[in-house]
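If you want the numbering used here, it's the position in the sequence shown, counting the first as 1, plus 85.
Yeah, the Cβ is synthetic: ideal placement off N, Cα and C, and Gly gets one too.
What follows is a single structure, written as structure tokens, with notes after it.
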Amino acid sequence: MNRFAKRSFDVVVATVGVVLLSPVMLAIAMAIRIDSGAPVFFRQERVGRAGRRFKIWKFRTMVVGAHRMSANVSALGDPRVTRVGAWLRRTYLDELPQLFNVIVGDMSMVGPRPETPEFVEYYTAQERDLLSIRPGIAGPSTLGFMDEAEILASVGNAEAYYVDRILHDRAALDLTYVHRHTLPGDVSLLVRQLGEIVLGRD
């Protein structure tokens with residue numbers, strides 16, 4: 086896909102999204118403050134295109150200091166997740182602030198999942214091709230692993246299982262996108278992702 090066309094699509098969709106969803110984001114911010122106080126947002130270092138690190142934005146879904154309490158993966162029923170946070174995760178509304186990451190150029194609307202530096206260290210040489218394009222809010226592995234929290238809840242060591250299995254299964258899905266992506270394909274992935282969120286999974 087032409088980079089200019091993809092970037093133009095990203096900026097237009099993300100900007101329209103911010104404008105239309107700003108009342109929703111304000112309501113979410115208020116709900117978080119009432120439920121568990123400040124801060125409203127959660128920032129975490131991720132690895133983007135060409136290995137450049139950036140801060141991803143999300144609505145905070147865990148208690149403050151959660152990263153010091155347990156591993157950097159979260160299974161269904163994680164006690165660190167707040168009441169409002171559990172709902173945000175189910176509806177994927179915690180991801181809305183990433184629209185700003187798209188606008189500034191850190192991310193794309195559609196692309197590979199952006200991983201933290203600690204997990205990128207486990208990429209194979211082939212999997213490092215994922216860093217050749219901007220990571221996305223939506224993408225093949227995001228759509229394919231919407232039940233990731235449930236999977237992690239069913240295993241003994243969630244972090245080890247993520248590193249050994251899920252990380253590489255996700256990478257395999259996203260590599261198909263890296264090597265063959267189109268604007269109609271991006272639109273299709275976004276529509277399918279929204280459909281799964283709104284209508285639920287079978």
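TODO: Alpha carbon to alpha carbon, how far is Asp179 from Val189? Give it in angstroms, no decimals.
DONE: As a first step, residue 189 must be located in the sequence shown, where it is residue number 104. As a first step, residue 179 must be located in the sequence shown, where it is residue number 94. Using only the alpha carbons, I get a separation of about 19 Å.
Open item on the list: Using the three-state DSSP reduction, which class does Ala223 fall into: helix, strand or coil?
Closed with: Residue mapping note: residue 223 aligns to position 138 of the sequence shown, counting from 1. Reduced to three states, the DSSP call for Ala223 is strand.
TODO: Could you check the C-alpha separation between Val132 and Asp191 for me, to the nearest Å?
DONE: Here residue 132 corresponds to residue number 47 of the sequence shown, with the count starting at 1. Here residue 191 corresponds to residue number 106 of the sequence shown, with the count starting at 1. Computed Cα separation, rounded: 9 Å.
Task: Beta carbon of Ala238 nearer than 8 Å to that of Val158 - done: The sequence position of residue 238 within the sequence shown is 153, counting from 1. The sequence position of residue 158 within the sequence shown is 73, counting from 1. Their beta carbons are not under 8 Å apart, which means Ala238 does not touch Val158 by this criterion.
Open item on the list: Can you tell me where the beta strand (DSSP E) holding Ser193 begins and where it ends?
Closed with: Taking the sequence shown and counting its residues from 1, the one referred to as residue 193 is at position 108. Taken as a continuous stretch (DSSP letters only), the beta strand (DSSP E) holding Ser193 covers 193–195.
Task: Euclidean distance between Cα positions of Asp214 and Glu206 - done: Here residue 214 is taken as the residue at index 129 of the sequence shown, counted from 1. Here residue 206 is taken as the residue at index 121 of the sequence shown, counted from 1. The straight-line gap from Cα to Cα measures roughly 13 Å.
Open item on the list: Using 8 Å as the threshold, is the C-beta distance between Ile119 and Val125 below it?
Closed with: Taking the first residue of the sequence shown as 1, we reach residue 119 at position 34. Taking the first residue of the sequence shown as 1, we reach residue 125 at position 40. Contact: no.
Open item on the list: Let me make sure I understand the geometry here. Which of Leu161, Ser121, Arg168, Gly224 has the alpha-carbon closest to that of Ala234?
Closed with: The residue you call residue 234 lines up with position 149 of the sequence shown. If we check each option's Cα against that of Ala234, Leu161 comes out closest.
- [ ] To the nearest angstrom, report how far apart Arg255 and Thr227 are at their CA atoms.
- [x] Translated into positions along the sequence shown, residue 255 becomes position 170. Translated into positions along the sequence shown, residue 227 becomes position 142. The straight-line gap from Cα to Cα measures roughly 8 Å.
- [ ] Look at the alpha carbon of Lys91 and the alpha carbon of Met147, and state the distance between them as a whole number of angstroms.
- [x] Reading the sequence shown from its first residue, position 6 is the one you call residue 91. Reading the sequence shown from its first residue, position 62 is the one you call residue 147. Each residue's alpha carbon lies about 33 Å from the other.
TODO: Check whether the Cβ atoms of Thr167 and Ser93 lie closer than 8 Å to each other.
DONE: Translated into positions along the sequence shown, residue 167 becomes position 82. Translated into positions along the sequence shown, residue 93 becomes position 8. No. Outside cutoff.
Open item on the list: Can you give me the C-alpha to C-alpha distance between Leu258 and Ala99, rounded to a whole angstrom?
Closed with: Indexing the sequence shown from 1 puts residue 258 at position 173. Indexing the sequence shown from 1 puts residue 99 at position 14. Roughly 24 Å between the two C-alpha positions.
Open item on the list: Going by DSSP, what residue range makes up the beta strand (DSSP E) through Glu130?
Closed with: Walking along the sequence shown from the start, residue 130 turns up at place 45. For Glu130, the enclosing beta strand (DSSP E) covers residues 126–132.
- [ ] Go to Arg138, then tell me how far its beta strand (DSSP E) extends in each direction, as first and last residue.
- [x] Here residue 138 corresponds to residue number 53 of the sequence shown, with the count starting at 1. Counting along the chain, the beta strand (DSSP E) containing Arg138 begins and ends at 138–144.
Open item on the list: Taking the alpha helix (DSSP H) that Met29 belongs to, which residues open and close that run?
Closed with: Since the first residue shown for the chain is 86 and the last is 287, residue 29 is missing from the structure and cannot be characterised.
TODO: Report the rounded CA-to-CA distance for Val186 versus Met86, giving the unit in angstroms.
DONE: Within the sequence shown, numbered from 1, the residue matching residue 186 stands at position 101. Within the sequence shown, numbered from 1, the residue matching residue 86 stands at position 1. According to the sequence as given, residue 186 is Asn; it is not Val. Computed Cα separation, rounded: 21 Å.
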